[in-house]
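Below is one structure, written out as structure tokens; the observations come after it.
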Amino acid sequence: MMVAMEDQDSEYLNGINKVDSRFKENRSSRDWVNEFLKRHPVLTKRLATNIKRCRAAVTAEIVNEYFDNAEKELANLLSGAIVNYDESNLKDDPSAKTVIARGGSRHVETIMDSSKQSTSITAAVSDNGCVLPFYVVYKAKYVYPTWIENGPQHTTYNASESGWFNMLLFEDWFIKTALTYFKKFGPNQKKAIIGDNLGAHLSIKVIQMCEENNIFASLVCSRTERSRSENYKES
1 MMVAMEDQDS
11 EYLNGINKVD
21 SRFKENRSSR
31 DWVNEFLKRH
41 PVLTKRLATN
51 IKRCRAAVTA
61 EIVNEYFDNA
71 EKELANLLSG
81 AIVNYDESNL
91 KDDPSAKTVI
101 ARGGSRHVET
111 IMDSSKQSTS
121 ITAAVSDNGC
131 VLPFYVVYKA
141 KYVYPTWIEN
151 GPQHTTYNAS
161 ESGWFNMLLF
171 EDWFIKTALT
181 YFKKFGPNQK
191 KAIIGDNLGA
201 HLSIKVIQMC
211 EENNIFASLV
221 CSRTERSRSE
231 NYKES
């Protein structure tokens, strides 16, 4: 359990409809919190990672069901025939908070209604370690020549108003990056691509291209991402 230092006391007191005269507006001071931590050494101060509410709602059952299905579909594929992609953003986290957490906690996260947005990059790698070319999306109407100077070799550059991938941009990435890579396996050899299930990644065109090229699309449960996989997968 993790709670923000500024909010943990007021949330509890307000929840039980109690006013504590020691606190201003039911919010304790930093000195009070520091003394509380001294009395409870099992707790520590950590910087929390912001996550969306839909990601926080993912359960162990959902993640285990995903892995069980993926294990069957990915069995006996040739080395290199599995590609894992991920879309990431390069803008600073919004207002990360220091929170109180049990000492040794592996993941410390704050539930947010919104998260990062700006320039996006989709990176992909095969199961045998082959890194596919990057695809960069700037928050702009156009990509200026100076923005692509000295970039990684074979990188594709594009732009959108939000700085995020939309359906057309993801289709472009799929054609230029994923399909180009998979061509070396031939049309009859089963392949697999693993990524998240963002709405922008689920176009009819991409699904058709997967069917036509014998590609199994394994979409990670909504907003699980890597921390949920690590926490919930049972041995």
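Here the UniProt record's numbering is used: position 32 in the sequence shown is 32, and no number is missing along the way. The beta carbon of each residue, even a glycine, is placed where N, CA and C say it ideally should be.
Determine the extent of the alpha helix (DSSP H) in which LYS72 is found, giving its start and end residues. 60-73
So, using beta-carbon positions, are ASP9 and ASN34 closer together than 8 angstroms? Not in contact: ASP9 and ASN34 (Cβ atoms no closer than 8 angstroms).
Using a 10 Å radius around the Cβ and a threshold of 16 neighbouring Cβ atoms, would you call GLU87 buried or exposed? buried
Which residues does DSSP list as the beta-bridge partners of LYS139? LYS139 is bridged to SER160.
Please state the DSSP three-state secondary structure of ALA178. helix
Expressed to the nearest angstrom, what Euclidean distance is found between the alpha-carbon atoms of PHE174 and ALA159? C-alpha separation (whole angstroms): 16 angstroms.
Using a beta-carbon distance below 8 angstroms, is LYS18 in contact with chain C? In the structure shown, chain C cannot be found, because there is only a single protein chain.
First and last residue of the beta strand (DSSP E) that includes ILE193? First-last of the beta strand (DSSP E) with ILE193: 191-196.
Check whether HIS154 and PRO187 have beta carbons under 8 angstroms apart: no
Can you tell me which of ALA192, PHE170, SER120 puts its alpha carbon nearest to the alpha carbon of residue 269? A question about residue 269 goes unanswered here, because the residues of the chain that appear run from 1 up to 235.
So the candidates are VAL220, HIS201, ASN197, ALA192; which of them puts its Cα closest to the Cα of ASN213? ALA192
Given a threshold of 16 other Cβ atoms within 10 Å of its Cβ, counted over all protein chains shown, does LEU43 qualify as buried or as exposed? buried
Run the proximity test for THR177: is its beta-carbon closer than 7 angstroms to any non-hydrogen atom belonging to the ligand SAH? In the structure shown, the ligand SAH is absent, as is every other ligand, since no ligand is present at all.
Just reading off the beta strand (DSSP E) that VAL83 is part of, what are its end residues? 82-89 is the extent of the beta strand (DSSP E) around VAL83.
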